[in-house]
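These notes concern the structure reproduced below.
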């Protein structure tokens with residue numbers, strides 16, 4: 001894996017940060033992005049040891065920034081990227097009747113529309129400028145996409161949409177030696193739920209029901225497994241959840 005470079009979105013916390021740390025430990029060069037420039041700079045400085053790590057802060061829901069990120073990635077580091085990991089996302093508790101409608105558009109823009117733009121722009125780059133015998137695009141979804149609940153119905157719908165999107169693009173790009181994959185984590189102790197304004201009472205209830213939750217490092221290890229497969233093998237979809245999560 002030492003001859004590959006990865007772009008990781010949402011790299012300032014949770015699964016994105018854990019993935020950056022994992023791939024760096026495996027000797028991979030990185031381009032990391034997120035909204036918090038200070039955290040990005042600190043993480044890049046920490047990981048920039050025997051590998052090259054560069055960072056660019058911005059709003060990944062803005063298509064213009066996606067283009068800027070890819071331009072930056074292809075001109076600032078060698079070897080050029082052959083992996084793109086879509087980790088940025090947001091949650092929203094509540095049903096259709098109880099959730100905050102003012103946040104619907106923001107979440108749909110980030111969790112789905114932005115993914116469309118990232119997939120298209122990244123795929124175009126990988127097709128035009130192949131830099132490795134195999135290229136990987138990995139989207140982080142959620143088990144909520146297949147097991148929706150009235151408690152998170154709007155959020156779950158954005159993750160359901162990713163299932164069809166990712167598999168459709170997989171079929172389109174496999175002839176170009178590009179693997180498009182979906183990983184669907186269950187409940188993960190990543191700070192994601194608190195950022196999505198889940199109450200502490202809800203989090204405590206989940207902890208009691210599920211026992212030990214997944215950790216961001218579990219997702220990072222799974223991603224490393226996926227991108228480290230031989231070029232003729234595609235592990236295109238993995239669901240991973242706490243043992244007691246139904």
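Numbering (full-length UniProt numbering), first residue to last: 1 to 246.
C-beta atoms are modelled at their ideal positions from N, C-alpha and C, and glycine is treated no differently.
Looking only at 86, 26, 145, 33, the smallest Cα-Cα distance to residue 49 is reached by 26. Between the region 159 to 178 and the region 212 to 229, the count of C-beta pairs closer than 8 Å stays below three; the two stretches do not touch. Here the alpha carbons of residue 238 and residue 138 stand approximately 11 Å from one another. Contact between residue 6 and residue 101 is ruled out by a C-beta separation of about 36 Å, above the 8 Å threshold. Assigned with DSSP and collapsed to three states, residue 246 falls in coil, not helix or strand. Inclusion of residue 14 and residue 34 in the CB contact set at 7 Å is not warranted, their separation being larger than that value. In this model, residue 160 and residue 123 are separated by some 21 Å (Cα to Cα). Inter-residue distance for residue 73 and residue 31 is about 6 Å (C-alpha atoms, whole angstroms).
Spatial neighbours of residue 119 in its own chain (CB-CB distance under 7 Å, excluding positions within 5 residues in sequence) are listed in chain order as 137, 169. CA-CA distance, residue 37 to residue 126, rounds to 27 Å.
Within 10 angstroms of the beta-carbon of residue 185 lie 16 or more other beta-carbons, which makes it buried.
Nearest neighbour of residue 112 by Cα position, chosen from 140, 95, 93, turns out to be 140. Leaving aside the five residues that flank residue 90 on each side, the residues in its chain whose CB is nearer than 6 Å to its CB run, in chain order, 107, 110.
Within the region 84 to 156, the beta strand (DSSP E) runs of at least 3 residues that lie entirely inside it are, in chain order, 135 to 140. Rounded to the nearest whole angstrom, the CA to CA distance from residue 234 to residue 166 is 13 Å.
Partner residues in the beta bridge of residue 34, as assigned by DSSP, are 57. Taken through DSSP and simplified to helix, strand or coil, residue 162 comes out as helix. The three-state secondary structure of residue 216, taken from DSSP, is helix. Between residue 47 and residue 24, the CB-CB gap stays under 7 Å. With a cutoff of 7 Å on beta-carbon distance, residue 145 and residue 134 are scored as not near each other. For residue 156, the CB contacts under 7 Å within the same chain, skipping 5 residues up- and downstream, are 144, 145, 148, 149 in chain order. Beta bridge pairing from DSSP links residue 182 with 139, 237.
DSSP places residue 75 in the uninterrupted alpha helix (DSSP H) bounded by 63 to 76. In this structure residue 214 touches residue 240 by the C-beta definition: roughly 7 Å separates them, less than 8 Å.
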